[in-house]
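Line by line, the protein sequences are chains H and X. Under the working numbering, residue 371 is the last one in the first sequence; the count climbs by one each step, no gaps. Under the working numbering, residue 371 is the last one in the second sequence; the count climbs by one each step, no gaps. Glycine is no exception: its CB is placed at the ideal position from the N, C-alpha and C atoms. Here is the structure we will look at.
2 protein chains.
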Amino acid sequence: MGRKPGRPVAPQSASGRNITIKDLAAELELSITTISRALNGYPDVGDKTRAKIEEAARRLGYRPNRNAQRLVLQRTHNIAWVQSDNELKYLDPHFSEVMAGVLAEARAANYDIVLTSHGQDRELQTYDRYVRDNSVDGFIIDLPREDDERISFLTEAGRPFVVHGREQRASQYGWVDMDNYDNFYRLMRLLIANGHRRFAFINGDETFNYALYRHHGVRDAIADAGLPADSLRVYNSAHPMGDAGFSLTQKALADTRVTAVLYSSILLLVEGYEVLANAGLRDGRPIAIATMDDELRHIHSTRLAPRVTFVRSSLRDAGHALIAELSRQLDDGQPARGVLMRSSFHVAPDLDARSLDDPLPMARRTTIG
Amino acid sequence: MGRKPGRPVAPQSASGRNITIKDLAAELELSITTISRALNGYPDVGDKTRAKIEEAARRLGYRPNRNAQRLVLQRTHNIAWVQSDNELKYLDPHFSEVMAGVLAEARAANYDIVLTSHGQDRELQTYDRYVRDNSVDGFIIDLPREDDERISFLTEAGRPFVVHGREQRASQYGWVDMDNYDNFYRLMRLLIANGHRRFAFINGDETFNYALYRHHGVRDAIADAGLPADSLRVYNSAHPMGDAGFSLTQKALADTRVTAVLYSSILLLVEGYEVLANAGLRDGRPIAIATMDDELRHIHSTRLAPRVTFVRSSLRDAGHALIAELSRQLDDGQPARGVLMRSSFHVAPDLDARSLDDPLPMARRTTIG
DNA sequence: ATAGCCTACTAAAACGTTTTGGCAAATTGC
DNA sequence: GCAATTTGCCAAAACGTTTTAGTAGGCTAT
Chain H
3 MGRKPGRPVA
13 PQSASGRNIT
23 IKDLAAELEL
33 SITTISRALN
43 GYPDVGDKTR
53 AKIEEAARRL
63 GYRPNRNAQR
73 LVLQRTHNIA
83 WVQSDNELKY
93 LDPHFSEVMA
103 GVLAEARAAN
113 YDIVLTSHGQ
123 DRELQTYDRY
133 VRDNSVDGFI
143 IDLPREDDER
153 ISFLTEAGRP
163 FVVHGREQRA
173 SQYGWVDMDN
183 YDNFYRLMRL
193 LIANGHRRFA
203 FINGDETFNY
213 ALYRHHGVRD
223 AIADAGLPAD
233 SLRVYNSAHP
243 MGDAGFSLTQ
253 KALADTRVTA
263 VLYSSILLLV
273 EGYEVLANAG
283 LRDGRPIAIA
293 TMDDELRHIH
303 STRLAPRVTF
313 VRSSLRDAGH
323 ALIAELSRQL
333 DDGQPARGVL
343 MRSSFHVAPD
353 LDARSLDDPL
363 PMARRTTIG
Chain X
3 MGRKPGRPVA
13 PQSASGRNIT
23 IKDLAAELEL
33 SITTISRALN
43 GYPDVGDKTR
53 AKIEEAARRL
63 GYRPNRNAQR
73 LVLQRTHNIA
83 WVQSDNELKY
93 LDPHFSEVMA
103 GVLAEARAAN
113 YDIVLTSHGQ
123 DRELQTYDRY
133 VRDNSVDGFI
143 IDLPREDDER
153 ISFLTEAGRP
163 FVVHGREQRA
173 SQYGWVDMDN
183 YDNFYRLMRL
193 LIANGHRRFA
203 FINGDETFNY
213 ALYRHHGVRD
223 AIADAGLPAD
233 SLRVYNSAHP
243 MGDAGFSLTQ
253 KALADTRVTA
263 VLYSSILLLV
273 EGYEVLANAG
283 LRDGRPIAIA
293 TMDDELRHIH
303 STRLAPRVTF
313 VRSSLRDAGH
323 ALIAELSRQL
333 DDGQPARGVL
343 MRSSFHVAPD
353 LDARSLDDPL
363 PMARRTTIG
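In structure tokens, the structure reads:
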């Protein structure tokens, strides 16, 4: 069972002192400057010398001390992700999915992610610490709210960041988001076009903008169709997980006039699935179901009835885009910009999908989110 | 030959550079030494001087540059968590749960978590990089396999680490684990004591030790009861998520002699729940169900039938313990040690729980895992 | 009075890099 | 053959801390 090819050999001394550029200079009887310039690709190093240096560096397992580099270059190649304890309570598959994309792209762009949590009231202090102690080059902000103070803080501090989501000031910073408003407007318009008149919308916590904008989309679709506002009942789950999907679906279906249920997340739908199925069996009431599908890796949609209509957008791709955008700012010096992720609609076969292709009414198009 | 590397853009733009100890020294007309010693609590600083320094530091928002500190102290206060892309595919709630505990405890112990992913074959290179470039003080290793090369590598390199789980060499390093073997031995013995004779065990990927040891526990309980080896059928899900719980439960119940199903994870059980319920309804075959409950925050057990027997251990607490153990080594210089997390049994009311209290046979007790 | 001892401060070295500016030696141009 | 240019290397400064090894001056004990 020999060593796999390419397996790194552990450093010789178990004591742990790493090889430094000085060791290399001593070994080769060259100056530190020359070692550094050779390894960093400067042209003013002779070919034979460079080859010797590269060989010795490989042989001795030299790696520049990152902290020395960071100190002199004023650049850490670290990106901070600050997680609130509050959100930690339900650190959910959505987080994992975004993080998976972030990690994959960060590796490609040569960044590490510094992950930390903070207590209830310490959110900004955590950002402040990172800003002041030079431990990261930039920040990722997830789940923004309206007038998000993290965004205000980092803007004032003049530090690079990118937001997963948007709020009012979205034109002033880099972000990655899907078109929450548009997606849910279209989804609701689709249900209306198919004759439904009484709806339940099982949404997330509307202090988060993603949920707020979805609500706005749904509300406006109803208004634009000339339906009364009470055609829609909205249920919010403070936590995206738990048994909210189950209990809220029960509540929603208690109104027997409801013929269509719209979910903000496929997790809520899965939790409520049993109730939905029962409603079909028991009341003989077939319910139209629509949801957002974030392509969570561990939700297997094959077990969902084919009658589910969904709009799909990849959170993992959003994670990739977040790092790509930040790297564009950090590495290429480009100005911040927003990235709108594509969504695709998948309509249940018993529904007429034609309304999806209609453009949104002019007045509805400028809304962010 | 060689190109001059493109110059990275300085991260701080608008608000500019942070204030340094030099700024503070200039402002107060004191030496750098005195500032440093005052702020670090040395006794050889006058009371009035110290007060003035502290006031100025607060007023100007001084924070020591972490990279300078790390360079001179040879200590980063960073802990690495390396995630394989492979595992990323199903970055699952178990991960989130451990991570939540790790983050909370890391904050308390003044550590940041450096999270990174690596490609298929690059696992050890990633560890190697961190070892050689001084970017972290220690490592967390999750999901160990037998003869885990990450453990070999870090041991040879002489770097501190702590393992979530165990393998053969567990006495030689710090770890946090539950007693997988014991728990599953007892669970199976309980089922046997209640008259069951034909079992399905829906386990995880047995190249991971947690799953392997659980299998061993189950197998030994059957052997010790004098039951034939074919009383047990084991089903493995390569991925902890997906629809494995559903399809494997279907397969398992296809054998109509099976009266008890043991799950390695509550997620698998939840996915198979529909099948289990149907089996009860359709075949009139009540199935005894037992599982591990990791206290995942988003699995709401209230919806599971009361007939489920489970052994419960908190992954979040394990996360806390991981950092506590690593901090014991790094901050207190204590030798590595193992931490066995407590588990509690919760027996369905229709089962006789007495066998749980019996000690394991002597020969069974030394097994790790 | 004086040796010794606190008290309150500081200069300089060190951590490990990158980069600036320079300088010999080798090569080229005429 | 000599000036000009190119090639290949290096000393020193800088990044922002902590720590070592002081020192100057006041106080105490004899």
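- Q85 (chain X) counts as buried, since at least 16 other C-beta atoms from the protein chains shown sit within 10 angstroms of its C-beta.
- Closest in C-alpha terms to T251 (chain H), from the list H:G228, H:R134, H:S233, H:E276, comes H:E276.
- The residue among H:L264, H:F210, H:D245 with its C-alpha nearest the C-alpha of L193 (chain H) is H:L264.
- Taking a contact to require three or more Cβ pairs closer than 8 angstroms, the region 180–195 of chain X and the region 344–359 of chain X qualify as touching.
- Each of X:D179, X:Q71, X:K50, X:P66 was checked against the Cα of N136 (chain X), and the nearest Cα belongs to X:Q71.
- For the region 93–127 of chain H, the beta-carbon criterion of a distance under 8 angstroms to any beta-carbon of chain X is satisfied by L93, D94, P95, F97, S98, E99, M101, A102, L105, A106, A108, R109, D114, I115, V116, L117, T118, S119, H120, G121.
- Around the C-beta of M364 (chain X), fewer than 16 other C-beta atoms lie within 10 Å, and the residue is accordingly described as exposed.
- In this structure, DSSP gives F203 (chain X) an extended state, which the three-state scheme calls strand.
- Look at the region 50–76 of chain H: the residues with a C-beta under 8 angstroms from a C-beta of chain X are R52, G63, Y64, R65, P66, N67, R68, N69, A70, R72, L73, L75, Q76.
- For A227 (chain H), there is no enclosing beta strand (DSSP E), as DSSP marks it with neither H nor E.
- Annotated three-state conformation of V100 (chain X) is helix, per DSSP.
- Linking A254 (chain X) to R200 (chain X) through their CA atoms gives a straight-line distance of about 11 angstroms.
- Here the region 225–239 of chain X does not lie against the region 290–297 of chain X, with fewer than 3 beta-carbon pairs under 8 angstroms apart.
- Chain H has no Cβ within less than 8 angstroms of the Cβ of T311 (chain X).
- Note that the C-beta distance between I115 (chain H) and I153 (chain H) is not below 8 angstroms.
- Bridge pairing for S86 (chain H): H:H120 [DSSP].
- Beta bridge pairing from DSSP links D179 (chain X) with X:L342.
- Approximately 5 angstroms separates the beta-carbon atoms of G140 (chain X) and L328 (chain X); this is inside 8 angstroms, confirming the contact.
- Annotation for V74 (chain X): no beta strand (DSSP E) segment contains it, though the alpha helix (DSSP H) segment containing it runs 68–75.
- Membership of F248 (chain H) in the alpha helix (DSSP H) is indicated by the continuous run 246–256.
- For chain X, none of the residues of the region 165–181 of chain H brings a beta carbon within less than 9 angstroms of one of its beta carbons.
- Classified as exposed, Y44 (chain X) has fewer than 16 neighbouring CB atoms from the shown chains inside 10 Å of its CB.
- At a cut-off of 8 angstroms between beta-carbon atoms, N20 (chain H) makes contact with chain X.
- Between S266 (chain H) and R216 (chain H), the CB-CB gap stays under 8 angstroms.
- Given a length threshold of 4 residues, each whole run of the alpha helix (DSSP H) inside the region 114–173 of chain X is given here in chain order: 125–134, 151–159.
- Bounds of the beta strand (DSSP E) holding L264 (chain H) are 262–265.
- Burial state of L278 (chain X) is buried, judged by a 10 Å Cβ sphere holding 16 or more other Cβ atoms.
- Taking E148 (chain H) as reference, the option from H:E169, H:E158, H:V165, H:A159 with the minimal CA-CA separation is H:E169.
- Put simply, the CB of S266 (chain X) is far from chain H, with every gap to its CB atoms at 8 angstroms or more.
- If you look at I291 (chain X), you'll find it in the beta strand (DSSP E) that goes 290–295.
- What S316 (chain X) touches in chain H, judged by beta-carbon distance under 8 angstroms, is nothing: the nearest beta carbon there is about 14 angstroms away.
- With a cut-off of 8 angstroms on Cβ pairs, the region 47–63 of chain H is not in contact with the region 107–127 of chain H, counting fewer than three such pairs.
- DSSP, reduced to helix, strand and coil, places L189 (chain X) within a helical segment of the structure shown.
- Boundaries of the beta strand (DSSP E) around T311 (chain X): 310–314.
- Within the model, the alpha-carbon separation for L269 (chain H) versus N67 (chain X) is close to 43 angstroms.
- Cβ-Cβ distances below 8 angstroms link Q331 (chain H) to G140, P162, V164, G176, P337, A338 in the same chain, with the five nearest sequence neighbours on each side left out; the list follows chain order.
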